[in-house]
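See below for the structure under consideration.
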Amino acid sequence: MYYFDYAATTPVPAAVAAAMVETLTEQFGNPSSQYPLGMAARDALAAHRAVLADTLGCSSDELFFTSCGTESDNWAIQAALHYGRHRGRHIITTAVEHSAVLEPCKFLAQQGYDVTFLKPDRHGKITVQQVEDALREDTVLVSIMSVNNETGNVYPVPEIARMLKARKSQALLHTDAVQMFLKLPLDVKQCGADLISISAHKIGGPKGIGALYISGAIQSKILPLLRGGGQERGLRSGTEATAQIAGFAKAAQLRAAQFDAIAEHTRTMQAYAKERLLSIPTMQLLGTPEAPHILCLSLPGYPSQNLVHDLGSQGICISAGSACHRGKPSHVVAALGLSKKESAGAFRISFSGETRREEIDALYSAVLTHKNTRFPML
Ligand code: PLP
Numbered sequence: 405m406y407y408f409d410y411a412a413t414t415p416v417p418a419a420v421a422a423a424m425v426e427t428l429t430e431q432f433g434n435p436s437s438q439y440p441l442g443m444a445a446r447d448a449l450a451a452h453r454a455v456l457a458d459t460l461g462c463s464s465d466e467l468f469f470t471s472c473g474t475e476s477d478n479w480a481i482q483a484a485l486h487y488g489r490h491r492g493r494h495i496i497t498t499a500v501e502h503s504a505v506l507e508p509c510k511f512l513a514q515q516g517y518d519v520t521f522l523k524p525d526r527h528g529k530i531t532v533q534q535v536e537d538a539l540r541e542d543t544v545l546v547s548i549m550s551v552n553n554e555t556g557n558v559y560p561v562p563e564i565a566r567m568l569k570a571r572k573s574q575a576l577l578h579t580d581a582v583q584m585f586l587k588l589p590l591d592v593k594q595c596g597a598d599l600i601s602i603s604a605h606k607i608g609g610p611k612g613i614g615a616l617y618i619s620g621a622i623q624s625k626i627l628p629l630l631r632g633g634g635q636e637r638g639l640r641s642g643t644e645a646t647a648q649i650a651g652f653a654k655a656a657q658l659r660a661a662q663f664d665a666i667a668e669h670t671r672t673m674q675a676y677a678k679e680r681l682l683s684i685p686t687m688q689l690l691g692t693p694e695a696p697h698i699l700c701l702s703l704p705g706y707p708s709q710n711l712v713h714d715l716g717s718q719g720i721c722i723s724a725g726s727a728c729h730r731g732k733p734s735h736v737v738a739a740l741g742l743s744k745k746e747s748a749g750a751f752r753i754s755f756s757g758e759t760r761r762e763e764i765d766a767l768y769s770a771v772l773t774h775k776n777t778r779f780p781m782l
């Protein structure tokens, strides 16, 4: 099998699985229990939280575990609206956010919130100026992703944070950093956002665990997401997913230790794939692949559904836009203002430290054969 869908999810290394198995079978105590097994689980939880907080450059008190990136995004939005509820109901986001941000924002628009969805240019770019132009007195939330999961565009979140400060805006800044975390440098101070979402399964961790960074400065003014036993400092109750958290921390540790080598290798593979695939006549680059692990292309006239299917039957995994869309046309590609044929032909390939040149050669041959043997759509 040739796997080119690391932006959708990643395999779990043996060391990560081993850390999880140990937690499930031996260190299985409930962190709230008052005997040694429980205390050991509590200590392990604290250690794992510290690893992740360290990776992000925040304090352990600012990192809250959630069940996934989607939950982190939903919580961040809810938190910001509550925080700013006496000031207004205006939200600024982009038309190209992951559906974990886009769908809650669309829902809020139906509920009477005023939501500005910024549109990218043809190259997938969103500028600080666009955000500044949309900013109002009653803006309570600016939610802009760090890396677009379909095009690989990097958005200027640190610059937006500085602009908000310079304008003395009281709006909270949230960034969905699921595709940036441990792919590009990410430090909460340098980033400047009040709320940052991350997820484990994009970095070699298990599915079903994410985290939300909540700046210490705003914590006392946000609502708990889940009420109950008071876990996660009272803001998200529920017995902690200790095995998933152990896997998350181990994956982050492994990645962080090899950060530069993985980033360099991934960037090299991306450049090689770009060069090879763009040599196929009519192939187009979509967006701007600023992140090292994502490449979005289009073969106009050749619907990507067919391409994904053909390649899949040969054991080559690529994505027609985001995996989360399950076959529906991608809102990200639609927002780029392309022709119908260009949009229908859009596909995404994504890389990791394990991607090899021979795999890219096999992908190139399969795409070329697909083009030469399928009739183009009219
Ligand atoms: N945000 C982005 C940018 C993503 O790429 C994804 C996953 O595809 C998510 C959020 C959702 O993360 P999770 O699958 O952990 O809910």
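Under this note's numbering, the first residue of the sequence shown carries the number 405, and numbering increases by one thereafter.
Built from N, CA and C at the ideal position, the CB exists for glycine as well.
Self-check item: Cβ neighbour criterion (16 or more within 10 Å) applied to Arg-416
Solution: A small correction: the amino acid at residue 416 is Val; Arg does not occupy that position in the sequence shown. It is buried - the Cβ of Val-416 has at least 16 other Cβ atoms within 10 Å.
Self-check item: Expected contact under 8 Å - CB spacing of Asn-552 and Gly-528 to nearest Å
Solution: 6 Å
Practice problem: Can you tell me which of the three DSSP states Ser-547 falls into? | Solution: Three-state DSSP puts Ser-547 in a strand.
Quiz item: If you drop the 5 nearest sequence neighbours on each side, which residues of the same chain put their C-beta closer than 6 Å to that of Ala-766?
Solution: Counting only Cβ-Cβ distances below 6 Å, and skipping sequence neighbours, we find Tyr-406.
Quiz item: Are the C-beta of Ile-666 and some C-beta of chain B separated by less than 8 Å?
Solution: Absent from the structure: chain B. Only one protein chain is present.
Quiz item: CB of Gly-614 to nearest heavy atom of the ligand PLP: below 7 Å?
Solution: yes
Quiz item: Given a threshold of 16 other Cβ atoms within 10 Å of its Cβ, counted over all protein chains shown, does Met-567 qualify as buried or as exposed?
Solution: buried
Quiz item: Three-state secondary structure (DSSP) at Cys-728?
Solution: Only weak support exists for where Cys-728 lies, its pLDDT of 46 falling under 50; the value from the coordinates is given anyway. Three-state DSSP puts Cys-728 in a helix.
Quiz item: For Pro-435, which option in Glu-536, Leu-658 and Gly-642 has the closest C-alpha, if you only look at C-alpha atoms?
Solution: Gly-642
Quiz item: Measuring CA to CA, which of Glu-554, Ile-722 and Arg-680 is closest to Leu-772?
Solution: Arg-680
Quiz item: Nearest to Ala-590 by CA position, among Ala-457, Tyr-706 and Thr-520, is which residue?
Solution: The sequence as given places Leu at residue 590; Ala does not occur at that position. Nearest option by C-alpha distance: Ala-457.
Exercise. Would you mind listing the beta strand (DSSP E) stretches within the segment 419 to 443 that are 3+ residues and don't spill past its ends, in chain order?
Key: Correct list: empty.
Quiz item: What do you reckon, are the CB atoms on Leu-639 and Pro-628 nearer than 8 Å?
Solution: yes
Quiz item: Nearest-angstrom Cα distance between Lys-572 and Gly-634?
Solution: 34 Å
Practice problem: Leaving out five residues on either side along the sequence, give the residues of the same chain with a beta carbon under 7 Å from the beta carbon of Asp-542. | Solution: Arg-491, Gly-492, Arg-493 and His-494
Practice problem: Report the three-state DSSP secondary structure of Tyr-676 (helix, strand or coil). | Solution: Reduced to three states, the DSSP call for Tyr-676 is helix.
Quiz item: Quick one: is Asp-465 buried, meaning 16 or more other Cβ sit within 10 Å of its Cβ, or exposed?
Solution: exposed
Quiz item: Just to confirm, does Gly-608 get its C-beta within under 7 Å of one of the non-hydrogen atoms of the ligand PLP?
Solution: no
Quiz item: Would the C-beta of Ser-603 count as close to the ligand PLP, meaning under 7 Å from any of its heavy atoms?
Solution: yes
Quiz item: Residues in its own chain within less than 8 Å of Arg-489 by CB, not counting five upstream and five downstream?
Solution: Val-544
Quiz item: So, are the CB atoms of Thr-413 and Lys-606 less than 8 Å apart?
Solution: Yes. Within cutoff.
Quiz item: According to DSSP, which residues form a beta bridge with His-697?
Solution: His-697 is not bridged to any residue.
Exercise. Thinking Val-737 and Ser-747 are a contact (beta carbons under 8 Å), I'd like their distance in whole angstroms, please.
Key: 5 Å
Practice problem: Look at the alpha carbon of Cys-728 and the alpha carbon of Ser-503, and state the distance between them as a whole number of angstroms. | Solution: Only weak support is given to the placement of Cys-728: the predicted model assigns it a pLDDT of 46, under 50, and the question is left unresolved by the model.
Quiz item: Relative to the ligand PLP, is the shortest distance from any of its heavy atoms to the C-beta of Met-549 smaller than 7 Å?
Solution: yes
Self-check item: Spatially closest choice to Ile-600 from Cys-509, Thr-474, Thr-692 and Gly-433, by CA coordinates
Solution: Thr-474
Self-check item: Neighbour-count burial assignment, Gln-648, 16 or more Cβ in a 10 Å radius
Solution: The residue in question, Gln-648, is buried, as its Cβ has 16 or more Cβ neighbours within 10 Å.
Quiz item: So is the beta-carbon of Asp-477 under 7 Å away from any non-hydrogen atom of the ligand PLP?
Solution: Flag set: Cβ of Asp-477 near the ligand PLP.
Quiz item: Just how far apart, CA to CA, sit Cys-721 and Asp-409?
Solution: 6 Å
Quiz prompt | Same chain, Cβ closer than 7 Å to Gly-749, five either side skipped, listed in chain order | solution = So the list reads Ser-702, Leu-703, Pro-704, Gly-705, Tyr-706, Pro-707 and Ser-708, once near-sequence residues are dropped.
Quiz item: Straight-line CA distance for Ala-451 to Tyr-487?
Solution: Ala-451 and Tyr-487 have their C-alpha atoms roughly 30 Å apart.
Practice problem: Provide the residue(s) that pair with Asn-412 in DSSP beta bridges, ordered along the chain. | Solution: Sequence check: residue 412 is Ala here, not Asn. Ala-412 pairs with nothing; no bridge assigned.
Quiz item: Taking the alpha carbon of Asn-557 as the point to measure from, which residue in Met-687, Met-443 and Ile-530 has its own alpha carbon closest?
Solution: Of Met-687, Met-443 and Ile-530, the residue nearest in Cα terms is Ile-530.
Quiz item: By Cβ distance, which residues of its chain are closer than 6 Å to Val-532, with the 5 residues on each side in sequence left out?
Solution: Pro-560, Glu-563, Ile-564 and Met-567
Exercise. Assign Asp-477 to one of two classes, buried (16 or more other C-beta atoms within 10 Å of its C-beta) or exposed (fewer than that).
Key: Asp-477 comes out buried.
Exercise. Assign Lys-625 to buried or exposed, taking buried as 16 or more other Cβ atoms, counted over all protein chains shown, within 10 Å of its Cβ.
Key: exposed
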